[in-house]
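*Asks:*
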Amino acid sequence: MPQEQPLKDYKMKRDFIRTPEPQGNEVKPHEQPIFVIQKHDATRLHYDFRLEVNGVLKSWAVPKGPSMDPGVRHLAIQTDDHPLDYSHFEGIIPEGNYGAGVVMVWDTGIYRSISIDQRTGEHIPMDKAIEQGKVEVWLEGKRLNGGFALIRIGKGGDGKWLLIKMRDKYANAGYEPLKSEPDSVLSGLSLEQIAGKSGTGTQIKQK
Ligand code: MN
3 MPQEQPLKDY
13 KMKRDFIRTP
23 EPQGNEVKPH
33 EQPIFVIQKH
43 DATRLHYDFR
53 LEVNGVLKSW
63 AVPKGPSMDP
73 GVRHLAIQTD
83 DHPLDYSHFE
93 GIIPEGNYGA
103 GVVMVWDTGI
113 YRSISIDQRT
123 GEHIPMDKAI
133 EQGKVEVWLE
143 GKRLNGGFAL
153 IRIGKGGDGK
163 WLLIKMRDKY
173 ANAGYEPLKS
183 EPDSVLSGLS
193 LEQIAGKSGT
203 GTQIKQK
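Note that the numbering used here has the sequence shown beginning at 3, numbered continuously upward.
(1) Indicate whether the contact test is met: 3 or more Cβ pairs, each with one atom in the stretch 186–198 and one in the stretch 104–114, closer than 8 Å.
(2) By the 10 Å Cβ neighbour count, where 16 or more other Cβ atoms means buried, how is D170 classified, buried or exposed?
(3) Specify whether the stretch 137–148 and the stretch 109–129 touch according to this definition: at least 3 beta carbon pairs, one from each stretch, less than 8 Å apart.
(4) I'd like the span of the beta strand (DSSP E) that includes K136, first residue to last.
(5) State buried or exposed for K41, treating a residue as buried only when at least 16 other CB atoms are found within 10 Å of its CB.
(6) Buried or exposed, going by whether 16 or more other CB atoms sit within 10 Å of the CB of S61?
(7) Apply the 10 Å Cβ neighbour rule to G26 and answer buried if 16 or more other Cβ atoms are within range, or exposed otherwise.
(8) Taking its Cβ as the centre, do 16 or more other Cβ atoms sit within 10 Å of V58, making it buried, or is it exposed?
(9) For G93, is the classification buried or exposed, using 16 other Cβ atoms within 10 angstroms of its Cβ as the cut-off for buried?
(10) What do you reckon, are the CB atoms on I166 and I153 nearer than 8 Å?
(11) Taking buried to mean at least 16 other C-beta atoms within 10 Å of its own C-beta, is T21 buried or exposed?
(12) Between which two residues does the alpha helix (DSSP H) harbouring M14 extend?
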């Protein structure tokens, strides 16, 4: 999608007086693009998988989260682009707001695109790869490493993709980091602890 009004949908759905979420002031791209995975205990627990592309975080909601098992395909629903400063947002989105619930930074790091055009052998830019519905990235996180593929399925209009671990030295069906490392990679806090720490570092308004 063209970047005429980046983050339009993100901003439209939020009232920044009522939610402590970032307003999107950080716009300077990182030297090396970052990824972030946020654990989000909203109406239903899910993991938000975000990749920095052209100054925003392209985002997918993954109900079951990432798996290190290349034999596993998890549904990933593409969601609104998020601002770069969302990558370190951790806190409570109060009731009545879009996405109400607790947000935790579960993993973050840098990534690079490894999408290659099979015919030409050339590297495909991320925005083009997303447009084409086939994204391959190499993650260097604290918990997730190696190649991950996002493949669009269905007709494309409903935003359905699959998140799949690629086969490489990091693929490991026995490693289940969602279970073994459930807490924040930034603060070490659990969802419950973040939920209990009202007002931490943010301008959360209590009723
Ligand atoms: Mn979410």
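Glycine included, C-beta positions come from ideal geometry on N, C-alpha and C. Quick caveat: nothing in here was measured; it's all calculated off a predicted structure.
*Replies:* According to the structure shown:
(1) yes
(2) exposed
(3) yes
(4) 136–143
(5) buried
(6) buried
(7) buried
(8) buried
(9) buried
(10) yes
(11) buried
(12) 10–14
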